[in-house]
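Asker: Structure provided below as structure tokens; questions to follow.
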Amino acid sequence: AGRLDIDSTGLLVLTQDGRVARQLIGEDSRVDKEYLVRVEGHLDARGLALLNHGLSLDERKLKPARVEWLNDDQLRFTLREGRKRQIRRMCELVGLRVSGLKRVRVGAVRLADLPLGQWRFLRPDEAF
């Protein structure tokens, strides 16, 4: 549940349970999704504040996000919604270009060291 665009990598949660899918990607989702985002460009304190709680896409205000610098060219985004190309579009609005985007967590499920293209069953403590 929760697709990734062709230019992104990372964690996908696969389910046939509609309740779980709605919990993960529905309008009222309360499940955090965490992304590591490599960016190019300059971001001042005002731009960072806008990313956290001041932007709109498609004439609709975004839910608050948690965005923080990890190093000189990488941000960590934690969102509870997932509009089409949301992170890339948010970054464009504050003058950043995304050069890499990887989803590393959905709720309690972490990508960790799972190799690209591999899968595993959820552990009991990761259930939705």
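Residue numbers for the sequence shown, in the working numbering: 36 to 163. C-beta atoms are modelled at their ideal positions from N, C-alpha and C, and glycine is treated no differently. Because the structure is a prediction, the values reported are computed rather than measured.
1. For ILE54 and GLU116, what's the separation of their Cα atoms in angstroms?
2. Since LEU46 and ARG124 should fall inside the 8 Å C-beta cutoff, what is the C-beta to C-beta distance between them, to a whole number of angstroms?
3. Hey, ARG138 and LEU39: beta-carbon distance below 8 Å or not?
4. Note the first and the last residue of the continuous beta strand (DSSP E) segment covering VAL72.
5. Report the rounded CA-to-CA distance for ASP67 versus LEU128, giving the unit in angstroms.
Answerer: Let's see:
1. By 1-based counting over the sequence shown, the position of residue 54 is 19. By 1-based counting over the sequence shown, the position of residue 116 is 81. Residue identity check: residue 54 is Arg in the sequence provided, not Ile. Taking the straight line from one Cα to the other gives about 16 Å.
2. Here residue 46 corresponds to residue number 11 of the sequence shown, with the count starting at 1. Here residue 124 corresponds to residue number 89 of the sequence shown, with the count starting at 1. Their Cβ separation, rounded to whole angstroms, is 21 Å, which puts LEU46 and ARG124 out of contact at 8 Å.
3. The sequence position of residue 138 within the sequence shown is 103, counting from 1. The sequence position of residue 39 within the sequence shown is 4, counting from 1. Yes, these two residues count as a Cβ contact at 8 Å.
4. Position 37 of the sequence shown, counted from the first residue, corresponds to residue 72. Element bounds for VAL72: 68–75.
5. Walking along the sequence shown from the start, residue 67 turns up at place 32. Walking along the sequence shown from the start, residue 128 turns up at place 93. Going from the Cα of ASP67 to the Cα of LEU128 covers about 22 Å.
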